[in-house]
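Residue numbers (my numbering), protein chains in the order written: chain A, 2 to 88; chain B, 2 to 88; chain C, 1034 to 1190; chain D, 1034 to 1190.
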Amino acid sequence: MRVNVKLFARLRELVGQGELTLDAPGATTVADVWAALVAAHPAADAYARSMSCAVNLNYARMTTTVADGDEVAFLPPVSGGSGAAAR
Amino acid sequence: MRVNVKLFARLRELVGQGELTLDAPGATTVADVWAALVAAHPAADAYARSMSCAVNLNYARMTTTVADGDEVAFLPPVSGGSGAAAR
Amino acid sequence: MTSATAITSAPLSVEAVLRAVEGPGAGAVATFVGLVRDHNVGRKVLWLDYEAYEPLAEKALGIIIAEAEARWAGARMAIHHRTGRLEIGEASVVIAVATPHRADAFAACRYAIERIKQIVPIWKHEHFEGGEVWIEGATADAHDEAAREAALKIACA
Amino acid sequence: MTSATAITSAPLSVEAVLRAVEGPGAGAVATFVGLVRDHNVGRKVLWLDYEAYEPLAEKALGIIIAEAEARWAGARMAIHHRTGRLEIGEASVVIAVATPHRADAFAACRYAIERIKQIVPIWKHEHFEGGEVWIEGATADAHDEAAREAALKIACA
């Protein structure tokens, strides 16, 4: 299976690209796609516990199923909104 | 003693004028000025319990002393701010 | 930089009030705009007339700003209030407050509108379908500490 | 009438966001503007770069607006968020919400900024004196009910 992977912010920098086509033979879930990404780009593993994901512009879970041609995005913890510190 | 009295909103309407010069012989406090006003314009008495006052552009009490030529304002309950109901 | 306080019969500008709170150190700006509603307690409102004791009203806005800037560190606040005849949908009051952090901006802005309704000598004459009425709220006394505490409590809830 | 949601590299306009919430029945409008601060946790900030997953970020703003309009009766909300390089003092996000009564305007506006920081896929790259760092906050999941409850609790405190 082939999916289009989108990466952002520091995760994008660690992998060295923000968009890539990933061959993930036998992959059926987002977790499988992530495993294939980490296999190809071990640096991505830094986000294994903190990233979330989206499939075809819908927030998803690691257990969400993926299909050939899907856009799978991995999202580091977000920090939009105000420029001020959180309080 | 002579003071300049300022009236607003419904209190102004009840008295029929927003500004008047009031002769209040022997008056020493805002309460005395109010009494002289009510004597001259009994309709003002409707606000005896709900109005507040200011002397020379300072929020005052009924016990605040007044002097000849002072500007004494009587304020009905205020309703500035949003056009919406209070909640 | 526009004035931090204004009592004016001209239409209000949010941008003008925002400009009055510009400056270094700000991370958040909260604004509040009060609008003339088309209905009030079941009455169809036609228009409102706002009457002010202008010099004391402007001074009262300054008192509220000083209170807020003393309570919330680094806050800069501006308040413009309109007078005269206002049509439905027009802005009667605009508050802006800039602070380093957002929680303070919301709290200070809420405090300001509560205080305005407590102490500023401005009166609303409502013209509705079938009549007119002076709206009367709080007895205005800037020295009433209980009122001030009540406003703080709402703001900091 | 401008769009209720926008993810844009152009400077934000508070007036444009306000126009997007115009309409009948409103008595109060609360707005929130997030600004780039000159300091962050002791660092002198030089500028920020905001990166967005644009189509999902715009969708996320729409989700937040739908949540707020469902929670606060009669609310109309708009949110514009900027991307790219922002200098100190520039606005990164503008929220406006119009409601019949003021308490709801403040609550809905506060809710929106809290939710933005929870779920919208936008990332802040801080360039400070001596280095740069990606700021990382919440793990973004629009379906996380505990996060949503937390935002509601802050908004309605």
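The beta carbon of each residue, even a glycine, is placed where N, CA and C say it ideally should be.
Is the region 1171–1190 of chain C close to the region 1086–1095 of chain D, with three or more CB pairs under 8 Å?
No: the two stretches stay apart, fewer than three of their Cβ pairs being nearer than 8 Å.
List the residues of chain C whose Cβ lies closer than 8 Å to the Cβ of Glu1048(D), in chain order.
Looking up residue 1048(D) in the fourth sequence gives position 15. In chain order: Val1047 and Glu1048.
By the 10 Å Cβ neighbour count, where 16 or more other Cβ atoms means buried, how is Ala82(B) classified, buried or exposed?
By one-based count along the second sequence, residue 82(B) stands at place 81. Per the sequence presented here, residue 82(B) reads as Gly, with Ala not at that position. Buried.
How long is the line joining the alpha carbons of Gly19(A) and Gly1117(C), rounded to whole angstroms?
Counting from 1 along the first sequence, the entry for residue 19(A) is found at position 18. Counting from 1 along the third sequence, the entry for residue 1117(C) is found at position 84. Taking the straight line from one Cα to the other gives about 57 Å.
What separation, rounded to the nearest whole angstrom, lies between the Cα atoms of Val56(A) and Ala1131(C)?
Indexing the first sequence from 1 puts residue 56(A) at position 55. Indexing the third sequence from 1 puts residue 1131(C) at position 98. One C-alpha to the other measures close to 39 Å.
Based on DSSP bridge pairs, tell me the residues matched to Ile1040(C).
Here residue 1040(C) is taken as the residue at index 7 of the third sequence, counted from 1. His1114(C), per the DSSP bridge assignment.
Given a cut-off of 9 Å, decide if Met63(B) and Val1(B) are closer than it, judged by their beta-carbon atoms.
Residue numbering for chain B in the displayed model covers 2 to 88; residue 1(B) lies beyond these limits and cannot be assessed.
Would you call the CB atoms of Val4(A) and Val79(A) closer than 9 Å?
Stepping through the first sequence from its first residue, residue 4(A) is reached at position 3. Stepping through the first sequence from its first residue, residue 79(A) is reached at position 78. No; because the gap between Cβ atoms is not below 9 Å, this pair is not in contact.
I'd like to check one pair, Glu1162(D) with Lys1077(D): are the Cβ atoms closer than 9 Å?
Along the fourth sequence, one-based indexing puts residue 1077(D) at 44. Along the fourth sequence, one-based indexing puts residue 1162(D) at 129. Yes; because the gap between Cβ atoms is below 9 Å, this pair is in contact.
Starting from the Cα of Ala1099(C), find the closest Cα among Pro1057(C), His1160(C) and Ile1149(C) and give me that residue.
Locating residue 1099(C) in the third sequence gives position 66, where the first residue counts as 1. When each option's Cα is compared against that of Ala1099(C), the closest is Ile1149(C).
Within a Cβ cutoff of 6 Å, which residues of the same chain sit near Thr65(A), ignoring the five residues on either side of it in sequence?
For the purposes of this step, residue 65(A) is identified with residue 64 of the first sequence, where counting begins at 1. If we look at Thr65(A) and ignore the five residues flanking it on each side, its Cβ neighbours are Val31 and Val56.
What residues from the region 1057–1068 of chain C come within 7 Å of chain D, judged by C-beta to C-beta, listed N to C?
Of all residues in the region 1057–1068 of chain C, Pro1057, Gly1058, Ala1059, Gly1060, Ala1061, Val1062, Ala1063, Thr1064, Phe1065, Val1066, Gly1067 and Leu1068 have a Cβ within less than 7 Å of some Cβ in chain D.
For the putative contact between Ile1121(C) and Asp1071(C), defined by C-beta atoms under 8 Å, what is the C-beta separation to the nearest angstrom?
Position 88 of the third sequence holds residue 1121(C). Position 38 of the third sequence holds residue 1071(C). Contact flag correct, Cβ pair sits at about 5 Å.
Output, in sequence order along the chain, the residues in the region 1134–1148 of chain D whose CB is closer than 8 Å to any CB in chain C.
Residues passing the 8 Å Cβ filter: Arg1135, Ala1138, Phe1139, Cys1142, Arg1143 and Ile1146.
By the DSSP assignment, the beta strand (DSSP E) with Trp1105(D) in it spans what residues?
Translated into positions along the fourth sequence, residue 1105(D) becomes position 72. Element bounds for Trp1105(D): n/a, residue is neither H nor E.
Judging by CA-CA distance, which residue of Leu1094(D), Ile1152(D) and Arg1104(D) is the nearest neighbour of Ala1111(D)?
In the fourth sequence, counting from the first residue as 1, residue 1111(D) sits at position 78. Cα-wise, what sits closest to Ala1111(D) is Leu1094(D).
Going by DSSP, which residues form a beta bridge with Val1166(D)?
For the purposes of this step, residue 1166(D) is identified with residue 133 of the fourth sequence, where counting begins at 1. Beta-bridge pairing links Val1166(D) to Glu1159(D).
Within this structure, are the beta carbons of Ile1146(C) and Phe1065(C) separated by less than 9 Å?
Taking the third sequence and counting its residues from 1, one reaches residue 1146(C) at position 113. Taking the third sequence and counting its residues from 1, one reaches residue 1065(C) at position 32. Yes, these two residues count as a Cβ contact at 9 Å.
For chain A, is any of its Cβ atoms less than 9 Å away from the one on Gly1163(D)?
Residue 1163(D) sits at position 130 when you count from the first residue of the fourth sequence. Not closer than 9 Å to any Cβ of chain A, the Cβ of Gly1163(D) fails to qualify, so no.
Once you ignore the five residues that flank Asp71(B) on each side, which residues in its own chain have a CB closer than 6 Å to its CB?
Position 70 of the second sequence, counted from the start, is the residue given in the question as residue 71(B). Taken in chain order, the residues that qualify are Val4, Val56 and Asn57.
In chain order, what residues of the same chain lie with their CB nearer than 6 Å to the CB of Gly27(A), ignoring the 5 residues before and after it?
Mapped onto the first sequence, residue 27(A) falls at position 26. Excluding residues within five positions, none has a Cβ falling inside 6 Å.
Say whether chain A places a C-beta atom closer than 9 Å to the C-beta of Ala1129(D).
As a position in the fourth sequence, residue 1129(D) is number 96, starting the count at 1. No, Ala1129(D) does not count as interfacial toward chain A.
What residue range does the alpha helix (DSSP H) around Arg1052(D) cover?
Against the fourth sequence, residue 1052(D) aligns to sequence position 19. Its alpha helix (DSSP H) spans residues Val1047 to Ala1053.
At a CB-CB cut-off below 9 Å, which residues of chain D make contact with Asp1082(C)?
Residue 1082(C) sits at position 49 when you count from the first residue of the third sequence. Near Asp1082(C) there are no residues of chain D at all, since even the closest Cβ is about 17 Å away, more than 9 Å.
Just the chain B side, please: which residues come within less than 8 Å of Gly1095(C) by C-beta, in chain order?
By one-based count along the third sequence, residue 1095(C) stands at place 62. Ordered by position in chain B, no residue passes the 8 Å Cβ test against Gly1095(C), which lies about 11 Å from the chain.
Span of the beta strand (DSSP E) holding Tyr1083(C)?
Taking the first residue of the third sequence as position 1, residue 1083(C) is located at position 50. Element bounds for Tyr1083(C): Arg1076 to Ala1085.
Going along the region 1093–1125 of chain D in order, which residues come within less than 7 Å of chain A, judged by CB to CB distance?
Of all residues in the region 1093–1125 of chain D, His1114 and Ser1125 have a Cβ within less than 7 Å of some Cβ in chain A.
Can you tell which of Gly1060(D), Trp1156(D) and Leu1119(D) has its C-alpha closest to the C-alpha of Leu1079(D)?
Reading the fourth sequence from its first residue, position 46 is the one you call residue 1079(D). Considering only alpha carbons, the answer is Leu1119(D).
Which residues in chain F have a C-beta closer than 7 Å to the C-beta of Ala1190(C)? List them in chain order.
The chain labelled as chain F is not found among the protein chains of the depicted structure, namely A, B, C and D.
Rounded to a whole number of angstroms, what is the C-alpha to C-alpha distance between Glu1102(C) and Leu21(B)?
On the third sequence, position 69 is the one that residue 1102(C) refers to. On the second sequence, position 20 is the one that residue 21(B) refers to. Using only the alpha carbons, I get a separation of about 37 Å.
Please compile the residues from chain A whose C-beta is within a distance smaller than 9 Å of the C-beta of Lys1150(D).
Numbered from 1 along the fourth sequence, position 117 holds the residue referred to as residue 1150(D). Ordered by position in chain A, the residues that pass the 9 Å Cβ test against Lys1150(D) are Val79, Ser80, Gly81, Gly82, Ser83 and Ala87.
Considering only residues of the region 23–48 of chain B, which uninterrupted alpha helix (DSSP H) runs meet the minimum length of 4 residues and lie entirely inside it, listed in chain order?
Listed in chain order, the complete alpha helix (DSSP H) runs (minimum 4 residues) inside the region 23–48 of chain B are 31–41.
What does Gly1170(D) touch in chain A if you count any residue whose Cβ is under 9 Å from its own?
Residue numbering aside, residue 1170(D) sits at position 137 when the fourth sequence is read from its first letter. Pro78, Val79, Ser80, Gly81, Gly82 and Ala87, listed in chain order.
Could you name the residues of chain C that Asp1071(D) contacts, counting a contact when the two beta carbons are closer than 8 Å?
Residue mapping note: residue 1071(D) aligns to position 38 of the fourth sequence, counting from 1. Chain C residues near Asp1071(D): Pro1057 and Gly1058.
Please state whether the Cβ-Cβ distance between Pro77(B) and Ala36(B) is less than 9 Å.
What you label residue 77(B) is simply residue 76 of the second sequence in a count that begins at 1. What you label residue 36(B) is simply residue 35 of the second sequence in a count that begins at 1. For Pro77(B) and Ala36(B), no; Cβs fall outside 9 Å.
Along the alpha helix (DSSP H) that carries Leu1185(D), what are the first and last residues, could you check?
Within the fourth sequence, residue 1185(D) is the residue found at index 152, counting from 1. Here the alpha helix (DSSP H) through Leu1185(D) covers Glu1178 to Ala1188.
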